[in-house]
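Student: Residue numbers (our numbering), protein chains in the order written: chain A, 41 to 502; chain B, 19 to 367.
We treat Cβ as the ideally placed atom computed from N, Cα and C, and that holds for glycine.
Below, the structure written as structure tokens:
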């Protein structure tokens with residue numbers, strides 16, 4: 041059967057081009073892959089190769105013709121045994137034949153259909169009830185994180201920990217203390233100092249069904265590996281149409297420590313929180329660190345778990361229950377109040393708590409919410425509080441521009457505009473690389489006074 | 019691991035005594051049986067016809083974005099597929115259609131993914147560069163040059179962790195061979211003796227830059243030397259050479275010796291992607307490879323010479339292959355686009 045050869049597109053944006061030269065002439069035999077013509081656009085000259093074999097029956101567009109539309113017939117190819125007249129038959133029917141595949145190929149018409157609304161994120165369940173009378177154990181965040189990993193490694197043999205100094209050295213910050221002794225070198229693995237490589241390796245292992253915990257000594261070094269966290273781990277489930285993903289945890293110290301300078305002092309929450317396909321957790325207390333890390337390890341999705349070096353050594357009460365698993369995506373109202381809402385998380389909570397206590401003495405009642413999870417963001421809890429108080433202050437250590445607080449402020453004005461009685465104010469780290477000098481570092485970070493001032497400003501009590 | 023020391027020199031010597039032209043240390047070629055020749059011929063022809071059709075559909079505007087064709091390199095993936103065992107994994111870059119076809123993924127699903135339709139292997143959400151199959155042990159389809167090498171090393175890590183005896187094959191090009199994470203992966207793979215074959219598909223050009231202009235040393239088979247990873251150069255246009263080298267490398271990995279490098283010397287006839295006019299090389303160079311080293315023609319000539327197949331039988335085979343490709347194109351053209359509701363699915367589990 042005779043087939044048409046159509047004017048090909050060299051790129052998705054090409055609409056027409058010049059047929060500059062016929063390499064084969066009418067009557068020539070061509071095989072698949074033979075160059076039959078050359079076409080030209082403003083960008084390049086390309087060769088047109090035959091896809092089928094046959095005889096070039098008729099040339100429909102003479103060489104030198106400009107503005108030949110993509111997909112219009114340029115020649116007719118005859119199969120062995122075809123009569124030459126078949127070329128004319130096909131050619132005369134050409135417009136119809138050429139039009140046939142066009143409707144599906146054409147880009148969407150001017151009136152692009154509206155994107156469907158994003159599905160409502162199902163509300164995370166509340167924290168499990170801790171029975172009255174449960175013994176509370178005072179524990180550091182460091183111990184809580186270690187216990188969380190140990191408990192999950194006992195529960196599931198596909199869970200393993202890898203990172204720099206996690207095994208023999210017992211962890212650069214001693215988070216993995218004792219794990220090598222209990223689980224052995226198969227499951228507690230010291231890596232070379234190659235974040236890019238070992239993160240990619242861990243994502244590959246997750247795709248093959250394991251549940252890696254990747255420890256970054258600090259998240260500053262994870263910038264070397266961010267391609268694998270985002271392009272390999274977060275996007276694979278979507279790109280595979282749901283067939284394959286990366287059930288794993290990326291964890292480690294994030295944010296400023298003390299006097300370690302600009303390259304070791306950055307909060308990456310906003311970076312990871314902007315990526316669909318990731319969950320991002322940033323706990324403050326030891327109980328939340330334990331319960332949320334256990335949840336992260338069990339989660340079938342990649343979870344970025346941002347810890348804080350300053351908090352590692354702080355003590356908190358942790359309920360002494362068998363299996364403390366807390367819901368990812370659920371904020372916690374830490375203090376109830378009526379005059380203003382304050383939203384904070386991670387180390388920001390230290391400034392927030394100091395400020396709330398001081399303000400209480402001054403007769404200002406602040407409702408304090410610990411976000412705990414940054415993605416998915418529990419806006420229901422934040423909005424319910426803002427609708428009650430009419431005022432909002434956020435507290436975080438990160439840079440201000442495009443920060444998590446910027447997102448919260450956007451969502452609050454969008455969803456609770458009519459309830460707001462004052463502009464939303466935020467307290468953040470300053471918009472500077474972290475300085476080394478002690479006095480400058482102090483200036484670069486938030487403090488309780490800035491938080492108190494912000495609350496006084498939104499409550500008009502300054 | 020015991021035995022590593024004595025074997026690492028054996029990688030070059032034992033079954034690699036017969037020097038083959040310019041190829042360095044390649045194991046001797048084992049002649050194919052009639053069944054193997056016919057199988058290789060059919061598989062390679064299928065890939066070529068499929069890719070030609072993909073190029074055609076791209077030209078018609080049915081395939082968008084990037085589309086990297088494998089034409090010319092068919093012997094590499096087909097020879098390796100012939101040497102692999104069930105459960106061995108493959109992972110590669112964006113020039114991935116052939117790998118998927120070779121490991122048995124549905125051609126209709128592959129073509130429909132190229133056209134972005136709901137019946138595509140990734141429901142139309144991945145495209146030419148992103149398809150996966152747990153069932154066929156194909157782990158993608160990756161668009162960031164070199165990323166698949168660290169990921170493929172992780173597949174090998176999982177094999178060792180599970181002690182399942184399987185081998186991972188991580189494919190990458192000569193261009194990717196200069197990426198830093200390749201060497202981070204080499205280091206860990208040898209440090210932990212992971213069962214991974216690094217397959218360098220050296221088609222001589224990283225996009226438009228020839229290997230000589232991009233690499234300080236061009237014998238990529240020796241890029242593992244400072245990590246203690248043996249490697250050989252293989253005539254990647256001869257499917258028998260590919261199979262023989264892979265058999266050797268598979269045995270090396272499966273018996274606990276750690277990683278192995280196969281540098282497949284190959285050639286792509288088409289541009290880097292569909293929109294590449296290929297001005298960086300001469301037409302004569304391409305034509306010479308096509309006429310003198312074509313992987314499919316080599317098998318065809320042997321089949322005819324040994325009278326294992328007649329012209330008519332090969333023609334019938336070609337027709338059969340074309341019919342499968344045509345059916346794939348037909349499906350990929352008429353299958354509906356994904357439903358708008360798919361926009362928000364498969365982001366999280």
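Do you know whose CA, among B:46, B:150, B:143, B:194, lies nearest residue 220 (chain B)'s CA?
Tutor: Among B:46, B:150, B:143, B:194, the Cα nearest to that of residue 220 (chain B) belongs to B:194.
Student: Taking contact to mean at least 3 C-beta pairs separated by less than 8 Å, is the segment 268-279 of chain A in contact with the segment 371-383 of chain A?
Tutor: No, the segment 268-279 of chain A does not touch the segment 371-383 of chain A.
Student: I'd like the ranges of any alpha helix (DSSP H) spanning at least 4 consecutive residues and lying wholly in the segment 291-326 of chain B.
Tutor: If we require 4 residues or more, the alpha helix (DSSP H) runs fully inside the segment 291-326 of chain B come out as 301-311, 313-323.
Student: Can you tell which of B:366, B:346, B:315, B:326 has the C-alpha that lies nearest to the C-alpha of residue 91 (chain B)?
Tutor: Closest option to residue 91 (chain B), Cα to Cα, is B:315.
Student: Give a yes or no on whether 7 Å exceeds the smallest Cβ distance from residue 39 (chain B) to chain A.
Tutor: Legend: pLDDT at residue 39 (chain B) = 46, less than 50; position of this residue unreliable, value from coordinates given subsequently. With 7 Å as the cut-off, residue 39 (chain B) does not count as an interface residue toward chain A.
Student: Pairing CB atoms from the segment 440-454 of chain A with CB atoms from the segment 296-311 of chain A, are three or more of them under 8 Å?
Tutor: Taking 8 Å as the limit for Cβ pairs, the verdict is that the segment 296-311 of chain A does touch the segment 440-454 of chain A.
Student: Which residues in chain B sit within 9 Å of residue 111 (chain A), going by Cβ to Cβ distance?
Tutor: 77, 78, 79, listed in chain order.
Student: Restricting to Cα atoms, I'd like to know which of A:409, A:471, A:247 is closest to residue 438 (chain A).
Tutor: The residue with the shortest Cα to Cα distance from residue 438 (chain A) is A:471.
Student: What is the rounded straight-line gap between the Cα of residue 139 (chain A) and the Cα of residue 174 (chain B)?
Tutor: Low confidence applies here, because residue 139 (chain A) scores a pLDDT of 37, under 50, leaving its location unreliable and the question unanswered by this model.
Student: What separation, rounded to the nearest whole angstrom, lies between the Cα atoms of residue 169 (chain A) and residue 371 (chain A)?
Tutor: Roughly 15 Å between the two C-alpha positions.
Student: By the criterion of Cβ-Cβ separation under 7 Å, what are the contact partners of residue 144 (chain B) in chain A?
Tutor: Correct list: 279, 280, 281.
Student: Helix or strand or just coil, what does DSSP make of residue 457 (chain A)?
Tutor: DSSP places residue 457 (chain A) in helix when its eight states are reduced to three.
Student: Enumerate in chain order the residues of its own chain whose CB-to-CB distance from residue 229 (chain B) is below 6 Å, with the five nearest sequence positions on each side excluded.
Tutor: Contacts found: 192, 222, 236.
Student: Would you verify that the beta carbon of residue 82 (chain B) is, or is not, closer than 7 Å to some beta carbon of chain A?
Tutor: Output row for residue 82 (chain B): interface = yes.
Student: Grouping DSSP H, G and I as helix and E and B as strand, with all else coil, what is residue 66 (chain A)?
Tutor: Three-state DSSP puts residue 66 (chain A) in coil, outside helix and strand.
Student: Just how far apart, CA to CA, sit residue 133 (chain A) and residue 116 (chain A)?
Tutor: Note on residue 133 (chain A): pLDDT 48, under 50, position unreliable in the model; no value is reported.
Student: Are the beta-carbon atoms of residue 93 (chain A) and residue 72 (chain A) separated by less than 7 Å?
Tutor: Closer than 7 Å, so yes.
Student: What is the DSSP secondary structure of residue 156 (chain B), counted as helix, strand or coil?
Tutor: If DSSP states are grouped into helix, strand and coil, residue 156 (chain B) belongs with the strands.
Student: Kindly indicate the opening and closing residues of the beta strand (DSSP E) around residue 221 (chain B).
Tutor: Segment: none, residue 221 (chain B) is in no beta strand (DSSP E) and carries neither H nor E.
Student: Does the Cβ of residue 348 (chain A) have 16 or more other Cβ atoms within 10 Å, making it buried, or fewer, making it exposed?
Tutor: Residue 348 (chain A) should be labelled buried.
Student: Assuming residue 113 (chain A) is part of the beta strand (DSSP E), what are its boundary residues?
Tutor: Taken as a continuous stretch (DSSP letters only), the beta strand (DSSP E) holding residue 113 (chain A) covers 113-118.
Student: Rank A:167, A:195, A:301 by C-alpha distance to the C-alpha of residue 338 (chain A) and give the top, closest one.
Tutor: Out of A:167, A:195, A:301, A:195 has the C-alpha closest to the C-alpha of residue 338 (chain A).
Student: Report the residue from A:240, A:66, A:100, A:429 whose alpha carbon sits nearest the alpha carbon of residue 113 (chain A).
Tutor: Ranking A:240, A:66, A:100, A:429 by Cα distance to residue 113 (chain A) puts A:100 first.
Student: Rounded to whole angstroms, what is the Cα-Cα separation between residue 91 (chain A) and residue 87 (chain B)?
Tutor: Their backbone Cα atoms lie some 14 Å apart in a straight line.
Student: Kindly indicate which residue of B:43, B:217, B:52 has the alpha-carbon position closest to the one of residue 325 (chain B).
Tutor: Per the Cα distances, B:52.
Student: Just how far apart, CA to CA, sit residue 469 (chain A) and residue 322 (chain A)?
Tutor: Roughly 16 Å between the two C-alpha positions.
Student: Would you mind giving the Cβ-Cβ distance between residue 381 (chain A) and residue 356 (chain A), rounded to the nearest angstrom? I have them listed as a contact below 8 Å.
Tutor: Actually they are not in contact, since the Cβ atoms of residue 381 (chain A) and residue 356 (chain A) sit about 23 Å apart, beyond 8 Å.
Student: Could you give the distance in angstroms between the alpha-carbon of residue 293 (chain B) and the alpha-carbon of residue 77 (chain B)?
Tutor: Near 10 Å, if we compare the C-alpha coordinates of residue 77 (chain B) and residue 293 (chain B).
Student: Identify whether residue 146 (chain A) lies in helix, strand or coil by the three-state DSSP scheme.
Tutor: With a pLDDT of 46 at residue 146 (chain A), under the threshold of 50, the modelled position of this residue cannot be trusted; read the value that follows with caution. Three-state DSSP puts residue 146 (chain A) in coil, outside helix and strand.
Student: If you reduce the DSSP assignment to three classes, tell me which class residue 215 (chain A) lands in.
Tutor: Here residue 215 (chain A) sits in coil by DSSP.
Student: From the DSSP secondary-structure annotation, give me the bridge partner or partners of residue 357 (chain A).
Tutor: DSSP lists A:178 as partners of residue 357 (chain A).
Student: Do you know offhand how far residue 210 (chain A)'s Cα is from residue 293 (chain A)'s?
Tutor: Looking at the two C-alpha atoms, the distance is approximately 15 Å.
Student: State the start and end residues of the unbroken alpha helix (DSSP H) segment that holds residue 66 (chain B).
Tutor: Counting along the chain, the alpha helix (DSSP H) containing residue 66 (chain B) begins and ends at 52-77.
Student: Please report the distance separating the alpha-carbon of residue 496 (chain A) from that of residue 184 (chain A).
Tutor: Spanning the two alpha carbons is a distance of roughly 36 Å.
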